[in-house]
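Contents: one structure, followed by commentary.
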Amino acid sequence: MEKNNKWYKQFTDKLELTGLRPRTVDVYSRAVKQLQDHYDRNPKKITELEVQEYLLYRKNTSKWAPATLNTALCGIRYYYQMMLNVNWELFRIAKFAAENKLPTVLTKEEVDRILRCARPFNNYVYLVLVYSCGLRLSEALNLEVSDIDRGRMIIHIHRGKGAKDRLVPLPHSTLKLLERYWKTHRHPRFIFPRTQTNKRGAPVNDLADDTVNKGCAQNAMRNAVKKANINKKGVSVHTLRHCYATHLLDSGVNLRYIQIYLGHSTILSTLVYLHLTAAGNSDAYGIIDNLMDRF
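Numbering follows my numbering, in which position 291 of the sequence shown is assigned residue number 291; successive positions increment by one, without gaps.
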């Protein structure tokens, strides 16, 4: 069946009307498309038991991670409840518990080594931006010229995760890097516009009206990690965001401010960084030791 069949278009249109971000619309609609492809049948003809068996197949055979399973479940639930007015018991009980793993965090020296290995210059600039401002990769790559407030030295992030706006401090050194890179192309809108290519794949002078592909940025990070000889597992572009939060906490920045800068809806999401820093622990250990020294 073609991706643009009638149900798919109707579903994506409905999702867009709910105010979900384009990325979420794509992920949810793709989840239902994968269900359809699995059974080679229109999703409205797929039963509750078949949806249950499909999710178990993805869990036990495909070995999908809990986060991937929960995302698929959300997309499928949206479709059946919103399009078919079906509210199966499965949707009330199904939940895939994620492992409570702490994120990988690098030292400041390790971050510096990686960034020094990031080439060419555009890769270096957007990886520095992710780290120095604690941005998600998509937020960095989609940054627009008008998002930078040089007077207040802040970046305005529009429609971040959860469709929330936020203001993030912009270090002077990062601003200088962004200005230096922007002058290499002077795109009227984007800081990181995608370079146009001809039929042979060679770059041409014209710049596209969209931004650098996420895959290019992720490859740049992988190459830099390899060149820097960093052997920790799970190091990705998003690791730089974790490092930003942890290094700020190490330096004494209040956890509440870090929550605001990261755009977390709840402080609970930010509390994970308390497990990744030694600064607070060392202070606490000293206080406890002195307090109990009377025994």
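Cβ atoms here follow ideal geometry from the backbone N, Cα and C, with glycine treated the same way.
{"query": "Helix, strand or coil at histidine 158 [DSSP, three-state]", "result": "coil"}
{"query": "Beta-carbon separation (whole angstroms), leucine 262 vs leucine 255, contact threshold 8 Å", "result": "Leucine 262 to leucine 255, Cβ: 10 Å. No contact."}
{"query": "Buried versus exposed, by CB contacts within 10 Å (16 or more), isoleucine 155", "result": "buried"}
{"query": "Best match in Tyr80, Leu90 and Glu109 for proximity to asparagine 229 [C-alpha to C-alpha]", "result": "Glu109"}
{"query": "The alpha helix (DSSP H) enclosing proline 22, as first and last residue numbers", "result": "22 to 39"}
{"query": "Supposed close pair leucine 90, leucine 69 - CB separation, criterion 8 Å", "result": "At roughly 13 Å, the Cβ-Cβ gap does not stay under 8 Å, so leucine 90 and leucine 69 are not in contact."}
{"query": "Neighbour-count burial assignment, tyrosine 257, 16 or more Cβ in a 10 Å radius", "result": "exposed"}
{"query": "Cβ contact (3+ pairs, closer than 8 Å) linking the stretch 218 to 228 and the stretch 166 to 180", "result": "no"}
{"query": "Through-space distance from threonine 47 to arginine 58, alpha-carbon basis", "result": "17 Å"}
{"query": "Minimum C-alpha distance to serine 307 - residue among Val130, Ala118 and Leu178", "result": "Residue numbering for the chain in the displayed model covers 1 to 295; residue 307 lies beyond these limits and cannot be assessed."}
{"query": "Chain-order list of residues whose beta-carbon lies under 8 Å from that of valine 272 (same chain, five-residue window excluded)", "result": "Leu102 and Pro103"}
{"query": "CB contact flag (leucine 17, lysine 44, <7 Å)", "result": "no"}
{"query": "Selection from Phe121, Asp210, Ser173 and Thr239 that minimises the alpha carbon distance to arginine 150", "result": "Ser173"}
{"query": "Continuous alpha helix (DSSP H) stretch holding proline 120: start and end", "result": "That residue, proline 120, is in no alpha helix (DSSP H); it is neither H nor E in DSSP."}
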